[in-house]
Amino acid sequence: MIASFGIQRALFNLLQPQVRYQNPTNIKGGFQALDYMGKSFFADRQAPFGKVLFLDSRFLNMYDTGDWDWLDEDGNILKWVVGFDAWEAVLAKYCNLGASRRNTQLLLYGLTDDPSGI
-9 MIASFGIQRA LFNLLQPQVR YQNPTNIKGG FQALDYMGKS FFADRQAPFG
41 KVLFLDSRFL NMYDTGDWDW LDEDGNILKW VVGFDAWEAV LAKYCNLGAS
91 RRNTQLLLYG LTDDPSGI
(Lines of atoms letter the chains of each structure in order from A and count residues from 1; the text may use other names and numbers.)
(Lines give C-alpha, C1' and ligand atoms only; values in the text may rest on other atoms or scores of the structure.)
Protein backbone atom coordinates (compact mmCIF):
# COMPACT_ATOMS: atom_id res chain seq x y z
CA MET A 1 0.00 0.00 0.00
CA ILE A 2 1.38 3.38 -1.00
CA ALA A 3 -0.03 6.77 0.06
CA SER A 4 1.06 10.32 0.79
CA PHE A 5 2.38 11.27 4.21
CA GLY A 6 -0.92 12.99 5.07
CA ILE A 7 -2.97 9.85 4.38
CA GLN A 8 -0.52 7.71 6.34
CA ARG A 9 -0.68 10.13 9.27
CA ALA A 10 -4.51 10.19 9.16
CA LEU A 11 -4.73 6.38 9.12
CA PHE A 12 -2.34 5.96 12.01
CA ASN A 13 -4.15 8.65 14.04
CA LEU A 14 -7.42 6.82 13.38
CA LEU A 15 -5.97 3.50 14.53
CA GLN A 16 -3.95 4.89 17.46
CA PRO A 17 -6.26 3.42 20.16
CA GLN A 18 -5.75 -0.03 18.60
CA VAL A 19 -1.99 0.29 18.20
CA ARG A 20 0.17 -2.80 18.49
CA TYR A 21 3.90 -2.14 18.58
CA GLN A 22 6.12 -4.22 16.34
CA ASN A 23 9.32 -3.88 14.39
CA PRO A 24 9.06 -1.90 11.13
CA THR A 25 9.69 -3.59 7.79
CA ASN A 26 12.95 -2.57 6.11
CA ILE A 27 12.63 -1.78 2.40
CA LYS A 28 15.50 -1.63 -0.10
CA GLY A 29 17.04 1.83 -0.22
CA GLY A 30 17.03 2.37 3.56
CA PHE A 31 13.32 3.13 3.96
CA GLN A 32 10.93 1.61 6.47
CA ALA A 33 7.26 0.65 6.26
CA LEU A 34 4.77 -0.26 8.93
CA ASP A 35 2.69 -3.40 8.80
CA TYR A 36 -1.11 -3.06 8.44
CA MET A 37 -3.13 -6.28 8.31
CA GLY A 38 -0.11 -8.26 7.15
CA LYS A 39 0.79 -5.86 4.31
CA SER A 40 3.39 -3.10 4.15
CA PHE A 41 1.92 0.42 4.29
CA PHE A 42 4.34 3.21 3.48
CA ALA A 43 4.27 6.82 2.40
CA ASP A 44 5.97 8.25 -0.64
CA ARG A 45 6.54 11.93 -1.30
CA GLN A 46 5.46 11.48 -4.93
CA ALA A 47 2.25 9.60 -4.13
CA PRO A 48 -0.90 11.41 -5.27
CA PHE A 49 -2.78 13.37 -2.61
CA GLY A 50 -6.04 11.86 -1.38
CA LYS A 51 -5.35 8.43 -2.87
CA VAL A 52 -4.08 5.06 -1.65
CA LEU A 53 -2.54 2.61 -4.13
CA PHE A 54 -2.95 -1.09 -3.31
CA LEU A 55 -0.44 -2.91 -5.50
CA ASP A 56 0.04 -6.65 -5.88
CA SER A 57 3.69 -7.02 -6.90
CA ARG A 58 3.18 -10.63 -8.02
CA PHE A 59 1.47 -9.34 -11.17
CA LEU A 60 3.62 -6.25 -11.88
CA ASN A 61 6.38 -6.80 -14.42
CA MET A 62 9.10 -4.75 -16.08
CA TYR A 63 9.00 -5.12 -19.86
CA ASP A 64 12.19 -3.96 -21.56
CA THR A 65 13.86 -4.20 -24.93
CA GLY A 66 17.37 -4.65 -23.59
CA ASP A 67 19.84 -3.83 -20.88
CA TRP A 68 21.27 -0.44 -19.86
CA ASP A 69 23.29 1.20 -22.63
CA TRP A 70 25.04 4.50 -23.35
CA LEU A 71 23.31 6.93 -25.71
CA ASP A 72 25.68 7.48 -28.61
CA GLU A 73 23.51 8.69 -31.47
CA ASP A 74 26.40 10.61 -33.05
CA GLY A 75 28.97 7.87 -32.37
CA ASN A 76 30.44 9.53 -29.25
CA ILE A 77 29.49 8.51 -25.73
CA LEU A 78 31.22 11.44 -24.00
CA LYS A 79 30.11 14.94 -24.92
CA TRP A 80 31.67 18.24 -23.88
CA VAL A 81 29.49 20.54 -21.75
CA VAL A 82 29.59 23.93 -23.50
CA GLY A 83 30.91 26.71 -21.26
CA PHE A 84 32.28 24.35 -18.59
CA ASP A 85 35.39 22.27 -18.11
CA ALA A 86 33.39 19.05 -18.01
CA TRP A 87 32.18 16.09 -20.01
CA GLU A 88 28.90 14.22 -19.73
CA ALA A 89 27.42 10.93 -20.83
CA VAL A 90 23.86 9.59 -20.78
CA LEU A 91 22.95 6.07 -19.65
CA ALA A 92 19.49 4.88 -20.72
CA LYS A 93 17.17 1.89 -20.67
CA TYR A 94 13.89 1.65 -22.56
CA CYS A 95 11.27 -0.16 -20.50
CA ASN A 96 7.64 -0.11 -19.36
CA LEU A 97 5.92 -1.20 -16.19
CA GLY A 98 3.00 -3.49 -16.90
CA ALA A 99 0.46 -5.62 -15.09
CA SER A 100 -0.27 -9.18 -16.17
CA ARG A 101 -3.51 -9.14 -14.10
CA ARG A 102 -5.12 -5.72 -13.87
CA ASN A 103 -7.96 -6.78 -11.57
CA THR A 104 -5.57 -7.29 -8.64
CA GLN A 105 -4.55 -3.61 -8.42
CA LEU A 106 -6.72 -1.08 -6.55
CA LEU A 107 -6.90 2.71 -6.28
CA LEU A 108 -8.79 4.19 -3.34
CA TYR A 109 -9.50 7.88 -4.02
CA GLY A 110 -11.53 10.79 -2.70
CA LEU A 111 -9.86 10.75 0.72
CA THR A 112 -9.17 13.85 2.77
CA ASP A 113 -5.46 14.55 2.81
CA ASP A 114 -3.25 17.00 4.64
CA PRO A 115 -0.85 18.40 1.99
CA SER A 116 0.99 20.56 4.52
CA GLY A 117 4.26 18.74 4.08
CA ILE A 118 6.10 15.95 5.75
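For the record, in the sequence shown the residue sitting at position 47 is 37 according to the working numbering, with numbers rising by one throughout.
Note that the Cβ used here is the ideal one computed from N, Cα and C, for glycine as well.
Remember, it's a predicted structure, so these values are computed and weren't measured experimentally.
With H, G and I counted as helix, E and B as strand and the rest as coil, what does DSSP make of residue i?
i	result
R96	The sequence given here places Leu at residue 96; Arg does not occur at that position. Note: L96 maps to strand in three-state DSSP.
N86	strand
L4	helix
F32	strand
F74	coil
I67	coil
F44	strand
Take residue i as the anchor and find which of the options has the nearest alpha-carbon.
i	options	result
W58	Q(-2), S47, A79 and W70	A79
T55	L87, R(-1), Q8 and A0	L87
D104	G40, K29, Y26 and N3	G40
D62	N51, L81 and Y53	L81
D34	S(-6), N66 and R(-1)	S(-6)
F32	F2, V72 and G73	F2
Look at the Cβ atom of residue i, then the Cβ atom of residue j, and state whether they are nearer than 8 Å.
i	j	result
K83	W77	no
I(-8)	L101	no
Taking 8 Å as the CB-CB limit, is residue i close to chain B?
i	result
L97	As a matter of chain content, chain B is missing from the structure shown, which is built from one protein chain.
Skipping 5 residues on each side, what residues in its chain have a beta carbon closer than 6 Å to that of residue i?
i	result
G91	Reading the sequence as shown, one finds Arg at residue 91 and not Gly. F49, listed in sequence order.
D(-1)	For the record, residue -1 in the displayed sequence is Arg; it is not Asp. Excluding positions up to five away in sequence, the list is empty.
Apart from the five residues on each side of it in sequence, which residues of its chain come closer than 7 Å, Cβ to Cβ, to residue i?
i	result
M52	C85 and L87
- prompt: On the three-pair Cβ rule with 8 Å, is the segment 38 to 46 touching the segment 94 to 104?
  reply: yes
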